[in-house]
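For the sequence shown, position 84 matches number 85 in this note's numbering, and the numbering has no gaps at all.
Glycine residues also receive a C-beta, built at the ideal position from the N, C-alpha and C atoms.
Keep in mind that this is a model prediction, so the values were computed, not measured.
Some notes on the structure that comes next.
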Amino acid sequence: MSTSGTTRGSRDAPPRNRGRAVTVALWALQALLALVFAMSGLAKVFGEQAMVEMFATIGVGQWFRFVVGALEVSGAVGVLIPRL
Numbered sequence: 002m003s004t005s006g007t008t009r010g011s012r013d014a015p016p017r018n019r020g021r022a023v024t025v026a027l028w029a030l031q032a033l034l035a036l037v038f039a040m041s042g043l044a045k046v047f048g049e050q051a052m053v054e055m056f057a058t059i060g061v062g063q064w065f066r067f068v069v070g071a072l073e074v075s076g077a078v079g080v081l082i083p084r085l
């Protein structure tokens with residue numbers, strides 16, 4: 002009679018702590034990404050001088066700075082929302 006590996010042995014199973022570590026690492030990366038999006042977006046929304054000058058140089062208008070800033074802040078929130 003052959004036991005041809007239809008079930009996994011205990012030595013093949015990954016340790017449970019590894020799954021938790023990966024989850025924690027992914028949440029930390031998501032939080033870092035959200036922080037970057039939020040800081041960048043808020044700098045645009047609140048009119049930091051460098052952002053105002055950059056959008057003036059580009060020539061698309063200051064209204065577009067607000068749009069981009071709002072989208073970046075929305076992206077920061079979206080990164081933190083768990084998938085459905």
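task = Go through its chain and collect everything with a Cβ distance to S41's Cβ below 7 Å, but skip five positions before and after it.
result = E73
Beta-carbon proximity of A51 to G70, cut-off 9 Å = no
query = Residue ranges of each alpha helix (DSSP H) run of no fewer than 4 residues wholly in the stretch 14 to 81, ordered along the chain?
reply = 17 to 46, 50 to 59, 63 to 81
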